[in-house]
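In the UniProt record's numbering, the protein residues as written are 1 to 175.
Just so you know, even glycine gets a beta-carbon here, dropped at the ideal spot from N, CA and C.
The model shown is predicted, which means the values in this text are computed figures rather than measured ones.
All remarks here apply to the structure that follows.
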């Protein structure tokens with residue numbers, strides 16, 4: 001839970017965004033990154049070309065990349081790059097350096113295309129308060145900010161576990 005930070009008058013970022021950054025830099029659970037921002041995006045009725053979609057697609061791209069699905073990773077990354085490049089102002093308003101982020105994403109896309117081994121990135125967070133809150137959250141969870149990308153099989157294959165859980169729930173309801 002992020003309730004500890006709900007009262008902060010200094011915090012101007014959505015809690016789901018903090019949760020996204022926490023997962024992206026803490027446990028590298030890119031599936032969960034996608035889930036938390038997609039909920040935010042849907043609840044707020046935003047457009048398909050919003051900055052949130054670009055961030056979601058970035059996480060999905062890295063999810064595919066780590067699993068070896070290079071075709072899916074490249075497809076998502078190209079879409080993310082296109083959207084995020086068009087949302088320069090919004091990227092800055094989220095405390096991220098557009099000038100640093102875009103070359104990182106382009107390089108990652110190139111690495112995906114050329115078969116380079118999976119390598120995560122770190123969002124270039126400019127806002128010191130945002131960075132502090134996210135790092136505190138990661139520490140609270142017992143994780144290390146931008147630490148080793150632990151190859152937790154559950155996180156790597158989370159969509160498979162989720163699909164199995166959904167199927168068993170459906171079977172239970174059906175009976």
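Taking the alpha helix (DSSP H) that residue i belongs to, which residues open and close that run?
i           : result
residue 112 : 98-114
residue 52  : 51-67
residue 72  : 70-86
residue 123 : Note, residue 123: premise wrong, no alpha helix (DSSP H); not H, not E.
residue 28  : First-last for residue 28: undefined, no H or E at that position.
residue 140 : 128-140
With a threshold of 6 Å on Cβ separation, who are the neighbours of residue i within its own chain once the five nearest residues in sequence on each side are excluded?
i           : result
residue 79  : 57
residue 118 : 65, 66
residue 101 : 124
residue 127 : 95
With a 10 Å radius around its C-beta and 16 neighbouring C-beta atoms as the bar for buried, classify residue i as buried or exposed.
i           : result
residue 7   : Low per-residue confidence applies at residue 7: pLDDT is 46, beneath 50, and the placement is therefore not dependable, though the value from the model is reported in the following sentence. Exposed, by the Cβ-count rule.
residue 42  : exposed
residue 12  : exposed
residue 105 : buried
residue 172 : Note that residue 172 scores a pLDDT of 41, beneath 50, so its modelled location is shaky; the value from the coordinates is reported in the next line. So residue 172 ends up on the exposed side.
residue 112 : buried
residue 9   : The predicted model places residue 9 with a pLDDT of 35, which falls under 50 and marks its position as unreliable, so this point remains unresolved.
residue 224 : Absent from the structure is residue 224, since the part of the chain shown begins at 1 and ends at 175.
residue 95  : buried
residue 3   : In this prediction, residue 3 has a pLDDT of 48, which is less than 50 and means its spatial position is unreliable; what the coordinates show is noted afterwards. So residue 3 ends up on the exposed side.
Enumerate in chain order the residues of its own chain whose CB-to-CB distance from residue i is below 8 Å, with the five nearest sequence positions on each side excluded.
i           : result
residue 139 : 145
residue 115 : 70
residue 46  : 52, 53
Near residue i, what residues of its chain come up, given a Cβ to Cβ distance below 7 Å and the 5 sequence neighbours on each side ignored?
i          : result
residue 39 : 16
residue 26 : 138, 141, 143, 145
residue 54 : 80, 83, 84, 87
Item checked: the region 126-137 touching the region 15-28, judged by at least three CB pairs closer than 8 Å -> yes
Margin query: When you compare the region 43-62 with the region 23-33, are there three or more beta-carbon pairs, one atom per stretch, that lie closer than 8 Å?
Written below: A contact exists between the region 43-62 and the region 23-33.
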